[in-house]
Amino acid sequence: MATISEFVLRPFEGLPSEPDWVAMREVVPAATAPARTTVEHGARDVLITTVLPMGWPALHRSDGVVLLALQTNAGTGDVSRDLAAVLLEAIALEPGTAVETTTAPGPGPRLQDVLDLSIPFEVTVHDGFEYWLAPDTEVTDDVRESLDEADSSIVPTHKLAGVDSAYWCRMGGREFLRWARAEDEQVVLDGLARLHARRGSAIGGARFVGYFRSSGLVVPVWELARGAEAADVEPDVQAFSAGFEAALADTAPLDANQRRARAGLVSRQVTLR
């Protein structure tokens, strides 16, 4: 168990679909995924979300559903410990109440201790934030105005089918693929270097532009052909996946060209959080 002063590079390691946890924390604007606490923690159904209104860390909705937001600031070096503390606090609140602020928690359980790890982490990407509201909530003009304002900030995003943890998005009139990977960072960089050295890092008409790292994982990024929709790129991504997996599985030392390609990749990295 992590202590308050311990930095955890991969806070979501050991949770189902670790790359999707990272994607929801960093690159997906509006999404949810169901989870459940262990029997020891009440076997409560939880809805993991990207963000909540007012930047709340958690919300015990009026219908009893507990929502936990991932896109919040960490209070310690262990995001998993921070989120678990917020989740347990939210469960203890009366329905209709939010956890509005947080402080750095002391020693305690992590998400890996609190959640039932047999529950699949299945992400649903949303076009709006209606899921913030309980089904029986009266949508007044003021509520609708607030939702519309929040919805207007959403970057159009879709989760691709056929591969894990790959997300299409449209930003500033340009389309991108961001693909969170579960493998160790060095394995991903070596694999990308092998592909890049033989000019095999493009996905169909999509150009590999670099990568960022977050929560200990690597998220490669491709710029897609102008106007490409998510459904347009899914066949190319699925076709590319087999070669990508083979490159990741290759453990032979990099040759000179691949080492140069790798050095170029490292120069394009951005670290988030």
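All residue numbers for the sequence shown refer to my numbering, where the first residue is 93 and numbers rise by one. Virtual Cβ for every residue (Gly too), placed ideally from N, Cα, C.
Environment of residue i [buried if 16+ CB atoms lie within 10 Å]
{"i": "residue 116", "result": "buried"}
{"i": "residue 111", "result": "buried"}
{"i": "residue 232", "result": "exposed"}
{"i": "residue 235", "result": "exposed"}
{"i": "residue 144", "result": "buried"}
{"i": "residue 95", "result": "The predicted model places residue 95 with a pLDDT of 45, which falls under 50 and marks its position as unreliable; any figure quoted below should be read in that light. So residue 95 counts as exposed."}
{"i": "residue 264", "result": "exposed"}
{"i": "residue 258", "result": "buried"}
{"i": "residue 312", "result": "buried"}
{"i": "residue 187", "result": "exposed"}
{"i": "residue 244", "result": "exposed"}
{"i": "residue 305", "result": "buried"}
{"i": "residue 237", "result": "exposed"}
Reduced DSSP secondary structure (H/G/I, E/B, other) of residue i
{"i": "residue 412", "result": "The displayed coordinates of the chain run from 93 to 365. Any statement about residue 412 would go beyond what the structure contains."}
{"i": "residue 137", "result": "strand"}
{"i": "residue 341", "result": "helix"}
{"i": "residue 325", "result": "helix"}
{"i": "residue 361", "result": "strand"}
{"i": "residue 230", "result": "coil"}
{"i": "residue 202", "result": "coil"}
{"i": "residue 170", "result": "coil"}
{"i": "residue 238", "result": "helix"}
{"i": "residue 181", "result": "helix"}
{"i": "residue 335", "result": "helix"}
{"i": "residue 289", "result": "helix"}
{"i": "residue 163", "result": "coil"}
{"i": "residue 212", "result": "coil"}
{"i": "residue 114", "result": "helix"}
{"i": "residue 145", "result": "helix"}
{"i": "residue 265", "result": "coil"}
{"i": "residue 104", "result": "coil"}
Residues that DSSP places opposite residue i in a beta bridge
{"i": "residue 259", "result": "251 and 270"}
{"i": "residue 295", "result": "298"}
{"i": "residue 41", "result": "Residue 41 lies beyond the stretch modelled for the chain, which goes from 93 to 365, so this question has no answer here."}
{"i": "residue 312", "result": "303"}
{"i": "residue 158", "result": "138 and 152"}
{"i": "residue 217", "result": "123"}
{"i": "residue 190", "result": "151"}
Beta-carbon proximity of residue i to residue j, cut-off 7 Å
{"i": "residue 194", "j": "residue 178", "result": "yes"}
{"i": "residue 168", "j": "residue 196", "result": "yes"}
{"i": "residue 100", "j": "residue 170", "result": "yes"}
{"i": "residue 125", "j": "residue 241", "result": "no"}
{"i": "residue 203", "j": "residue 166", "result": "no"}
{"i": "residue 308", "j": "residue 102", "result": "yes"}
{"i": "residue 289", "j": "residue 353", "result": "yes"}
{"i": "residue 315", "j": "residue 301", "result": "yes"}
{"i": "residue 350", "j": "residue 303", "result": "no"}
{"i": "residue 224", "j": "residue 192", "result": "no"}
{"i": "residue 226", "j": "residue 299", "result": "no"}
{"i": "residue 267", "j": "residue 310", "result": "no"}
{"i": "residue 340", "j": "residue 275", "result": "yes"}
* To do: For the stretch 317-332 and the stretch 264-274, state whether three or more C-beta atom pairs, one from each stretch, are separated by less than 8 Å.
  => The answer is yes - the stretch 264-274 touches the stretch 317-332, with three or more Cβ pairs under 8 Å.
* contact_flag[the stretch 244-259, the stretch 117-129] where n(CB pairs < 8 Å) is 3 or more -> yes
* Quick one: any contact between the stretch 348-359 and the stretch 278-296, if contact means 3 or more CB pairs under 8 Å? -> Yes, the stretch 348-359 touches the stretch 278-296.
* Between the stretch 180-193 and the stretch 147-166, do at least 3 Cβ pairs fall closer than 8 Å? -> Segments in contact, yes.
* Any 3 or more C-beta pairs closer than 8 Å across the stretch 139-151 and the stretch 162-171 -> yes
* Asked: Are there three or more Cβ pairs, one per stretch, closer than 8 Å when the stretch 289-300 is compared with the stretch 319-326?
  -> yes
* Asked: Should the stretch 129-138 be regarded as contacting the stretch 207-214, the criterion being three or more beta carbon pairs within less than 8 Å?
  -> yes
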